[in-house]
Ligand code: RB5
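Numbering (this note's numbering), first residue to last: 1 to 141.
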């Protein structure tokens, strides 16, 4: 599937790890930056990635900043975006099964690279369960 990815300066190193995981799983990546350690404003990257997902140009998005908090707040302002901040596999799985999360947010200053890679693997390979959960996410509108 096509996955949009974005980060700020705090998430730059982890973005490369996440991209390797996505490539290993056979996904196509649309990297919206940033691409240097210069300080940047995370809402710009949250918006760029979220709009690609909202407009159907990418099926999923992944956003990485220092904590993941700012990215998740900014992404969830975009209608149709269900961004989940997950730092372990249980939340990553449930965010897909129950919430049909279409954007994953990670905090590079919170999580180690190995756990982040496994969290991404879980999130990318878990399907939405539908049923009663479909009704509930429709209630977000
Ligand atoms: C940048 O210093 C930091 O505020 C940002 O990466 C993120 O953690 C915000 O939520």
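Ideal Cβ placement from N, Cα and C applies to all residues, glycine included.
Owing to the predicted nature of the structure, the values given are computational and were not obtained by experimental measurement.
Q: Leaving out five residues on either side along the sequence, give the residues of the same chain with a beta carbon under 6 Å from the beta carbon of residue 11.
A: In the chain shown, counting from the first residue as 1, residue 11 sits at position 11. Once the five neighbours on either side are set aside, the close Cβ partners of residue 11 are 64, 65, 108.
* Asked: Are the segment 82-92 and the segment 31-38 in contact at 8 Å, needing three or more beta carbon pairs?
  -> no
Cβ of residue 61 within 8 Å of Cβ of residue 103? Taking the first residue of the chain shown as 1, we reach residue 61 at position 61. Taking the first residue of the chain shown as 1, we reach residue 103 at position 103. In this structure, residue 103 lies closer than 8 Å to residue 61 by Cβ.
_Residue span of the alpha helix (DSSP H) that contains residue 69, given as start and end_ = Numbered from 1 along the chain shown, position 69 holds the residue referred to as residue 69. Unbroken alpha helix (DSSP H) run through residue 69: 69-75.
The ligand RB5 heavy atoms versus the CB of residue 105: any closer than 7 Å? Position 105 of the chain shown, counting from 1, holds the residue named residue 105. For the ligand RB5, not one heavy atom lies less than 7 Å from the Cβ of residue 105.
(Q) Give the residues whose C-beta lies closer than 5 Å to at least one heavy atom of the ligand RB5, in chain order. (A) 8, 10, 65, 66, 67, 69, 70
**Asked** Out of curiosity, what's the CA-to-CA distance linking residue 73 and residue 43?
**Response** Counting from one through the chain shown, the residue named residue 73 turns up at place 73. Counting from one through the chain shown, the residue named residue 43 turns up at place 43. Going by the C-alpha atoms only, they are around 9 Å apart.
Would you mind sorting residue 20 into buried or exposed? The rule is 16 or more other CB atoms within 10 Å of its CB.
-> As a position in the chain shown, residue 20 is number 20, starting the count at 1. It counts as exposed.
Q. Rounded C-beta distance between residue 57 and residue 80? I'm assuming under 8 Å.
A. As a position in the chain shown, residue 57 is number 57, starting the count at 1. As a position in the chain shown, residue 80 is number 80, starting the count at 1. 13 Å between Cβ atoms; not a contact.
Can you tell me whether residue 77 is buried or exposed, with buried defined as 16 or more other CB within 10 angstroms of its CB? Position 77 of the chain shown holds residue 77. Label assigned to residue 77: exposed.
Check your understanding: In three-state DSSP terms, what is residue 137?
Key -> Here residue 137 corresponds to residue number 137 of the chain shown, with the count starting at 1. Helix.
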